[in-house]
Structures are given as C-alpha cells and as structure tokens.
Ligand code: NAD
C-alpha cells in the first residue's frame with residue numbers, strides 16, 4: 346500500500362510509526378496509509394528548523410520574495426496534478442480543487458510583496474537628537490495545524506506569510522488528506538527554499554499536543570472545529586505561545602423581499618451544496634424575510650436542488666462529490682434525523698443516496714429543511730454537509746438577530762437591492778465577514794480572514810497585514826548618538842521627550 350511520509354529536513358525511519366488510513370471518498374476504500382508522528386520526531390523537526398532559520402531570516406526580503414515568485418510559478422505548472430491529488434483524497438470536484446489551490450496562491454502573491462510590507466516605521470527627532478524606529482522580526486519557529494477541507498489553501502494562508510517574514514514553518518496537515526501538503530513542501534524546495542524552512546509532520550492529537558507543549562515553537566496557527574480550536578488556543582497560550590485558532594461556522598444568508606430570487610437561488614445552491622457543504626464559509630442557513638419571500642424562495646429552491654448533480658470528484662459535470670469519510674457521512678445523516686425529530690420539515694431528503702458503480706462512496710444527496718427554528722440543536726450546531734436549513738423571519742430586525750445571536754460568527758450574506766438595508770446590516774451584524782449580494786464573502790488575500798465568537802479564538806486574522814502581524818514581533822529602537830560633549834546628571838525619573 347502507498348505510504349505518505351512526513352516531509353523533513355533529515356532522513357527518518359518510519360518502521361515503528363503509527364499509521365492512519367487515507368480513504369478514497371469516491372469508492373470508500375483505503376488508498377494509502379499516512380505515517381503518524383510523535384513528540385520524539387517533533388524534537389528533531391524543531392531542531393532542524395532552529396538550525397535553518399537564522400540564515401533564512403538573514404536573507405534579504407527581496408530574495409525571500411523571489412523564492413515565493415518561483416514557488417507560485419511551480420504550483421501553477423503543477424496545477425492539474427495537484428488538483429487531481431487533492432480531489433482524490435478530499436472528494437471535492439476538480440474545478441473546486443483548483444479553486445482551493447488558487448485561493449492559497451493568492452496569499453503567495455501577497456507574500457511576493459513582503460519587502461514593501463516589512464519596511465517598518467521611523468520617527469526622526471522624537472526627542473532632541475533621538476530617533477525611533479520599529480522593525481518586524483520573525484517569531485522563529487511557527488507551526489500550522491490545518492483541517493481537511495482546504496488542504497492547499499489553508500496551509501498556504503499560513504506558510505506563505507510565515508516563511509516570507511523569515512520564520513521556519515512546520516505544517517501539521519489533516520491526516521485525512523495529507524498528500525497535497527507534502528507536494529507543496531517538495532515544490533518549495535524546488536523553488537529554492539532552504540531545507541528545514543518548510544517541513545511537514547503528520548499526526549493526530551498526540552502530535553498536536555507535542556506541538557502545543559514544545560518550548561522551541563513560538564507561534565501556532567490552527568484552523569479546524571471549534572472545540573478543538575478552543576483547546577488548542579488554551580493549551581498553546583498556557584505554554585507561552587502566540588496562538589490564533591479558527592473554528593467552525595454556521596453562516597446565514599438573509600433574503601430581503603426585494604432580492605432578485607433567481608440570483609439568490611443560484612448563489613444559494615453553490616454556497617450551500619458546493620464542496621458538499623464542507624466549507625467554513627458555506628451558507629447552510631437561509632433566512633427569507635416575510636412569508637411571501639419564504640414561499641417564493643421555497644418554490645424556486647426545490648427544482649434547483651432536484652437539478653443538482655452529485656458525482657465522483659473527477660466528473661466534470663458534477664456540482665459536488667462525496668464527503669470526506671464514512672464517519673462524516675454518518676454524522677451528517679444523523680443531523681438530518683435530529684432535524685426531523687426536532688420538528689423541522691424535511692422538504693428534500695439526501696439520506697441513502699448512492700451512485701451507480703460507486704455504492705461504497707461517501708455520498709450524501711442535497712437536503713432541504715423548512716420551518717427550522719433557533720431553539721433546535723440541528724440549527725445551533727455545524728453540520729458541515731450538503732444540508733440547507735430555512736429559518737423564516739418576519740422582518741429585518743428578526744433576521745439580523747439570527748446570525749448575530751448564533752454561537753458562530755464566521756460569515757454572513759445579505760441579498761437585497763436596498764442600499765440602506767445593506768449598510769445597516771453590514772454595520773450591525775455580529776459576524777466577522779459580511780457579503781452583500783456575495784454568497785461566500787471570503788476576503789481577498791491582501792485583506793484578512795477571520796470570524797467572530799466561537800469561529801475564532803485569539804485576536805489576529807489569517808493573511809494580509811494581520812498575518813504579517815501574527816508571524817512577526819515588533820522591535821522598537823530608540824537611539825541617540827551623543828557627540829561626547831554633554832554628559833549631564835543621571836536621570837532618576839522616567840525619561841520624557843518633552
Ligand atoms: P478538526 O478539528 O477535526 O481537525 C483540525 C486539525 O486538528 C487537524 O489537523 C487534526 O489532525 C487536528 N485534531 C483533530 N482532533 C484533535 C484533537 N482531539 N486534539 C488535537 N488536535 C486534533 O477539523 P476538520 O474536520 O479537519 O475540519 C473541519 C472543521 O474546520 C469545520 O468545523 C470547519 O468549519 C472548520 N474550518 C474553519 C475554518 C475557518 O477559517 N474558520 C476554515 C476551514 C475549516
């Protein structure tokens with residue numbers, strides 16, 4: 346059986362390792378096994394990173410940027426290969442896998458401009474003969490712990506900025522689709538990145554705990570589900586690290602009575618069912634405002650959902666493919682049952698879906714609930730599958746309150762033709778990323794990505810200037826160059842520049 350190993354700066358014998366299964370979601374079989382690392386391995390990885398990092402930090406920023414330029418070029422050349430590899434382990438369709446890689450590449454493009462971004466601040470004459478300047482220096486060794494659902498984009502959100510700012514970066518990707526992260530490591534080397542600056546270690550909780558406790562690691566960026574994000578945040582911070590930890594989501598799409606419903610249905614189908622709903626910026630909740638809107642929307646949604654094509658991930662005509670594992674499929678179907686038990690109306694049932702010739706694949710059909718209410722557990726929790734829940738609201742204020750009061754606050758969208766309502770909504774909603782007639786408002790790479798409430802722990806977002814801030818520490822130098830003519834008396838009060 347194919348074995349997926351760590352990508353390390355040194356030779357490593359995996360004979361005594363633990364292993365995890367990597368499935369083929371299209372067929373349900375095991376296609377490879379991945380080596381799972383432990384604390385002893387991590388010690389060696391951190392040592393290799395510590396050896397390599399000072400020289401990398403000393404490379405001038407334009408040379409570090411040139412590695413990013415070459416890496417971007419290489420990923421583009423290997424786009425098809427990477428997309429197929431990604432799709433074969435995750436199950437998302439090829440075009441969507443390319444989007445996953447492209448959104449990561451956009452952060453690499455941002456990192457190509459790192460010399461400009463790292464320029465720092467300078468004040469001449471902050472006091473008599475005194476100048477002050479601030480520079481950003483790398484943290485040293487940073488780690489990224491990433492989820493299964495974006496095996497290219499999320500590792501690149503973190504690594505591109507961490508590396509360009511002069512850190513050594515260790516990636517602990519999801520053990521469910523580990524191959525693309527390893528390929529990215531190979532391409533970084535080919536692009537001219539020194540050995541030890543980007544390493545990949547595979548593992549599960551054992552490895553994550555070792556990372557959180559390791560004294561040689563200065564910063565940990567995590568993306569995954571909220572309970573684990575919270576745990577990672579607390580344990581990492583307790584060990585004195587800088588931690589950002591992004592969690593789960595339950596994004597709402599609010600539909601005003603004046604919205605273009607055909608456009609809304611188009612947008613909703615893509616945002617609720619694309620990637621089988623396995624996106625932290627998916628739109629699994631739709632909130633029509635007013636009875637008339639709800640009736641008209643439902644009427645248009647039912648045939649649009651019936652027209653969705655679920656297929657294997659290499660089917661160019663398929664709208665979405667299988668979910669990532671048998672366990673996740675069972676969990677989604679259990680949530681559908683919970684929705685039924687709680688009294689929501691199951692309008693379209695995606696359970697029991699099979700694809701001819703792929704009966705063991707992890708497929709879930711598109712599912713629609715109506716009359717979902719905020720007290721239902723199936724509404725409160727993230728399902729992370731192709732399940733759309735309709736929660737009816739009587740008016741704008743009621744609709745605004747739903748995403749604002751929800752435990753998650755990652756993304757939200759408003760569909761309307763009314764500029765005043767849009768402005769009001771964007772200003773008042775308690776959610777980190779807002780789309781106005783944009784169903785999946787994932788910010789571009791030079792802005793920053795991050796949710797509110799239980800969707801993110803810590804105070805810095807991913808990529809853009811927030812990413813630069815996370816992966817660097819500020820050093821402020823106050824300097825004077827006396828000419829020797831004025832020694833004066835010792836000062837026993839706090840110095841002022843007055
Ligand atoms: P997950 O929480 O199961 O896994 C994330 C990472 O944590 C993986 O690397 C995994 O190996 C590790 N891990 C798993 N169990 C652990 C444990 N008990 N202790 C320590 N580490 C552990 O998440 P997932 O299923 O891979 O990804 C889906 C989740 O990620 C969803 O909740 C989704 O909303 C969320 N997500 C959030 C964002 C965001 O930016 N907010 C982006 C993508 C995905």
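Residue numbers (the numbering used here): 346 to 843.
From the three backbone atoms N, C-alpha and C, an ideal C-beta is built for every residue, glycine too.
- Distances between the C-beta of residue 625 and the heavy atoms of ligand 1 include at least one below 6 Å.
- The three-state secondary structure of residue 826, taken from DSSP, is coil.
- Counting every other CB atom within 10 Å of its CB across the protein chains shown gives residue 623 a total of 16 or more, marking it as buried.
- Taking C-beta separations shorter than 6 Å and ignoring five residues to either side along the sequence, the partners of residue 825 in its chain run 474 and 475, following chain order.
- Counting the other CB atoms within 10 Å of its CB gives residue 817 a total of 16 or more, which places it among the buried residues.
- Contact check for residue 680 against residue 649 fails: the beta carbons are separated by 7 Å or more.
- 7 Å or more divides the Cβ of residue 486 from the Cβ of residue 406.
- Given a length threshold of 3 residues, each whole run of the beta strand (DSSP E) inside the segment 587-641 is given here in chain order: 587-591, 597-600 and 630-633.
- For residue 346, no alpha helix (DSSP H) run applies, since DSSP gives it neither H nor E.
- Distances taken from the Cβ of residue 424 to the heavy atoms of ligand 1 include none shorter than 6 Å.
- Residue 820 has 480 as its beta-bridge partners, per DSSP.
- The segment 589-598 and the segment 510-524 do not touch, with fewer than three beta-carbon pairs separated by less than 8 Å.
- Here residue 684 has 714 and 723 as same chain residues with Cβ atoms under 6 Å from its own Cβ, once five neighbours each way along the sequence are excluded.
- The three-state reading of DSSP puts residue 403 in helix, counting H, G and I together.
- Put simply, of 541, 490 and 477 the residue whose alpha carbon is nearest the alpha carbon of residue 508 is 541.
- Under the DSSP assignment, residue 562 falls outside any beta strand (DSSP E); it carries neither an H nor an E label.
- About 4 Å separates the CB atoms of residue 793 and residue 809; that is less than 8 Å, so the two are in contact.
- Secondary-structure assignment with DSSP links residue 670 through no beta bridge to anything.
- Linking residue 774 to residue 805 through their CA atoms gives a straight-line distance of about 20 Å.
- Proximity of the beta carbon of residue 549 to ligand 1 is indicated: a heavy atom of the ligand is located closer than 6 Å.
- At least one heavy atom of ligand 1 is found less than 6 Å from the C-beta of residue 492.
- If only uninterrupted beta strand (DSSP E) runs of at least 3 residues are considered, those enclosed by the segment 687-764 are 690-693, 712-715, 732-735 and 756-760.
- Non-local beta-carbon contacts of residue 492 in its own chain, meaning distances under 7 Å to residues more than five positions away in sequence, involve 499, 519, 568 and 569 in chain order.
- Unbroken beta strand (DSSP E) stretches of 3 residues or longer found wholly inside the segment 527-566: 543-545, given in chain order.
- The way I'd put it, the segment 650-664 does touch the segment 693-706; three or more beta-carbon pairs between them come closer than 8 Å.
- In this structure, residue 427 lies near residue 446, with their beta-carbon atoms less than 7 Å apart.
- The three-state reading of DSSP puts residue 794 in strand, counting E and B together.
- Residue environment analysis places residue 740 among the exposed positions, since fewer than 16 neighbouring C-beta atoms fall within 10 angstroms of its C-beta.
- Here residue 717 has 630, 684, 689, 723, 724, 734, 735 and 736 as same chain residues with Cβ atoms under 8 Å from its own Cβ, once five neighbours each way along the sequence are excluded.
- Here the segment 592-607 does not lie against the segment 832-842, with fewer than 3 beta-carbon pairs under 8 Å apart.
- With fewer than 16 other Cβ atoms from the protein chains shown falling within 10 Å of its own Cβ, residue 842 counts as exposed.
- About 6 Å separates the CB atoms of residue 496 and residue 431; that is less than 8 Å, so the two are in contact.
- Among the bridge pairs identified by DSSP, residue 468 is matched with 477.
- Here the alpha carbon of residue 439 sits roughly 25 Å from the alpha carbon of residue 455.
- Under the criterion of beta carbons closer than 8 Å, residue 666 and residue 617 do not qualify as touching, at roughly 15 Å.
- Our two residues, residue 821 and residue 484, have alpha carbons roughly 15 Å apart in a direct line.
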